[in-house]
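One structure is given here, and the rest of the page talks about it.
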């Protein structure tokens, strides 16, 4: 069985490396995107099983990427977890309204994140 | 003559020498920095995977996993640990704190808090803030009496991060000294520290000087303390108008609908900032009994009060929106204008414009009567744009008819 | 007859020699002042680097206490790049902010492009007309992008557009951004920091401007920084380094910062409104605003601060062609003279503190009279040579104070850049910077002095011509006579 592929979109290289280490050890295949444009491109090309999406990224806003991915049939099914420092009510609500599966505020709890990822992958597999 | 010439030439040589020195200094400095960075990058690649594995749960202690570390290696390890600490909380974060204590990094920085150079002390406080080890609290409290303001402020921030019970008192004390401390910034730190800090602030409120009180009131709006509402409600009748206004604002942030009666009283305060903040807060609380009073306040002579009342009504659901529609026929032109602008922003006007295309005649009549009210208020920019560019011809037609001058009397 | 002719000759020689001595003293003084400013700047930059931690900006980003900012973008005939500029502004890293674009009577498709790109709808938004401006034709908002507002108005010039933006803006702080500048993503966090540290006192904060010529720009972001290829812009890079890093920071420390460059400054709205906003009758509206602020606040005896943030925040294009440079410097210098002639009462007046006693006299002597002295100085050295009275020591001394001292200062500015912000990381760029530092003092500076002399005469003749910068920009030809602009309310 192929390991689930997760795309991590964040302009902060440290976070990407951290999440990569966190998830690779637990049997996931990690791909990284350093900015909004690449995030969209890679998601459209490889259609990951799950996507972790930062909001504040160069070249393209996270919300923009989210919206466009949900509009396209080919990518609309990809479950997306938003991970952002933005923690205001309006932003969280907007994230869910645009179709995100979950919204994790930074600083985040890494163990919780793993559980959320697992749960979402289980759900989408069935 | 000759000696002056020689002197000049010597000076020129001297200047040339200084320039060459400067040039060499730049080059050497740059080269050394690049070497150092390269070395750090290599070390980072080596150490990071092991550190991250530890942070993510492997092993009880980090030390044995890294082996012996030289001075430079320890500083790179510290950098890696703190860089990751930024965005983590929970178990992973605690493990980072434990690692910092275990590797002696916390101890080193605590010792650095007494460094003779101020920027070193500031740096130490900054790093300790990221490390979050409660062991640093006593020394940081001492540092709050440092002579350099920058250092004091960093110590205060660090204490805020440590978030222990012992941090709270010195911070509240700092608020009592407006000459040494910016009350606003201390209040900001306290606001992020949770219930205990807010409780302490409520208890000591009367000992605070006036400027600090305003900051404290703001802070209580954000921090969650069970004792804050009582104090804030009392402050709604404080002699100082800024306190009354900020108290109203904070009550709005806390959001308990039971505040409505007191805030309604503040709607008739003599000072406009208080009225404006009361209107804003009432909008947040969204109780039906506030609708009428807010609609009345749409005629207030102060611009800010009117705007906040309109925005408040907008966020109060159907009842609020109907109050705004009602205000379209107010004799007061400010109220009319505020109502139109808010209804536009809420998308209500668009809704009614869309209804013009409905097959149901009743709906169309409803829409037309609404639109006529808007035209009568003389605020027709948005309608005119729709009349020109709306997608459906039926809509455009009807709108143009209504907008013809003389169709509707203002 | 013969004694008379001999007298004339001797007189000429004597005056040339005396003047030459005076010129030596002038250059010595000028460059020593620069040196002092440089030393002050050096300490301040080092202190800034030491006391700034990256986490500070993260704090500001997350804090609820952080003041929201209104970004004003005056635009005239910017159809080419306006949508990209606004898109990149909307992506700035900051908590709460709005972008207010003021379309100042554009004759091209600026407004249409904006309406199309952001799905703008006309609104009946209410605002308060505190500052008098030209007629506003419409206010547009976007449902998708709630923090974008576009104002369409009749043409009134850049100052008028900015005043309109100020009227319509919502937040207590505003900054003005040229439609062709690129703002760094953390810029707002950096310039708001002084406001967060001294919220009551701070009135305006300037951000350093860097030169974008030669850099790679993608989607409104600078992706690679390098020096321009052509010589003229590189001279300006060196000049900017010296003027900004070594110069303005020094003045900022001395509490007498006079110029916040037009490309980036963050102001407290209430204070700007109190002095009547921007003035349409000057060529450099930003300088005039800052001088007005200083004058008014000093008169009121309020404690206030106007500082400069040394960390670069904004990238702007500089002229690549000789003629455009001439027009730009001409305009700057005329603006300086205009502001000067308006606020001459502050000169040497201790009531206006350091501004009156140090900064303004400095400008008077070295920026206004200076170019004349310099140009005449060079001419008289040449005259001395032809008259045969130029001796070796004098010439060496002249070279020393007029050229080498300057080279020293330019290279020192490069050093300051190297130890602090290092925006030009490459070795080749460093080498070019140092090389051009030499020639900046051996041709470029002299050229600028000539420009300033010409500008002075233009000012006298009251010609106000705005030229094109060879690309889209907020430059349009002004009427032949200065317009009777709106008088600010007192």
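Protein chains in written order, with my numbering: chain H, 6 to 131; chain V, 50 to 459; chain E, 62 to 551.
Note that beta-carbon positions come from the ideal geometry of N, C-alpha and C, so glycine has one too.
- In this structure, 106/E is the residue among 265/E, 196/E, 106/E and 249/E with its C-alpha nearest to the C-alpha of residue 481/E.
- One finds nothing in chain E with a Cβ atom closer than 9 Å to the Cβ of residue 137/V; even the nearest lies about 14 Å away.
- Using beta-carbon distances, residue 164/E does not count as an interface residue toward chain H, since no partner is under 8 Å.
- In the DSSP annotation of this structure, residue 523/E is not part of any alpha helix (DSSP H), being labelled neither H nor E.
- A contact is defined here as three or more CB-CB pairs under 8 Å, and the region 245-259 of chain E fails this definition with respect to the region 24-35 of chain H.
- Under the three-state reduction of DSSP, residue 114/H is assigned to strand.
- Assignment of residue 113/E by DSSP, reduced to helix, strand and coil, places it in the coil class.
- At a C-beta separation below 9 Å, residue 360/V has no neighbours in chain E, since its nearest C-beta there lies roughly 11 Å away.
- For residue 413/E, no beta strand (DSSP E) run applies, since DSSP gives it neither H nor E.
- No Cβ of chain V is located within less than 8 Å of the beta carbon of residue 39/H.
- Under DSSP, residue 168/V forms no beta bridge with any residue.
- Each residue's CA atom was taken as its position, placing residue 68/E and residue 448/E some 15 Å apart.
- Among the residues of the region 372-404 of chain E, none has a Cβ less than 7 Å away from any Cβ of chain H.
- Separation of residue 147/V and residue 113/V (C-alpha to C-alpha, rounded to the nearest whole angstrom) is 14 Å.
- For residue 62/V, the nearest beta carbon of chain E is not closer than 8 Å to its own beta carbon.
- Among the residues facing chain H, residue 101/V is included, as its CB has a counterpart in that chain under 8 Å away.
- In the structure shown, residue 439/E adopts helical secondary structure according to DSSP, grouped into three states.
- Contact annotation: residue 402/V and residue 448/V have beta-carbon atoms nearer than 8 Å.
- Counted as a single uninterrupted DSSP element, the stretch harbouring residue 38/H is not any alpha helix (DSSP H) but the beta strand (DSSP E) occupying residues 34-38.
- With a threshold of 8 Å between beta carbons, residue 130/H makes no contact with chain V.
- When rounded, the separation of the alpha-carbon atoms in residue 317/V and residue 324/V is 7 Å.
- Rounded to whole angstroms, the gap between the alpha carbons of residue 206/E and residue 148/E is 10 Å.
- Just measuring C-alpha positions, the residue of 94/E, 241/E and 228/E sitting nearest residue 138/E is 241/E.
- Neighbours of residue 135/E in chain V, taken as residues whose beta carbon is under 7 Å from its own, are absent, since the nearest beta carbon is some 22 Å off.
- In the structure shown, residue 108/H falls within a strand segment according to DSSP collapsed to helix, strand and coil.
- In the structure shown, residue 391/V adopts helical secondary structure according to DSSP, grouped into three states.
- The beta carbon of residue 75/H sits no closer than 8 Å to any beta carbon of chain V.
- With distances taken between CA atoms, residue 174/V lies nearest to 201/V out of 242/V, 201/V, 196/V and 88/V.
- At a cut-off of 8 Å between beta-carbon atoms, residue 286/V makes no contact with chain H.
- Under the three-state reduction of DSSP output, residue 272/V falls in the coil class, being neither helix nor strand.
- DSSP links residue 47/H through a beta bridge to no other residue.
- Counting along the chain, residue 121/V sits inside the alpha helix (DSSP H) bounded by residues 120-134.
- With respect to chain V, the C-beta atom of residue 84/H has no partner C-beta closer than 8 Å.
- Assignment of residue 242/V by DSSP, reduced to helix, strand and coil, places it in the coil class.
- With distances taken between CA atoms, residue 51/H lies nearest to 74/H out of 101/H, 69/H and 74/H.
- A direct Cα-Cα distance of roughly 29 Å separates residue 156/E from residue 27/H.
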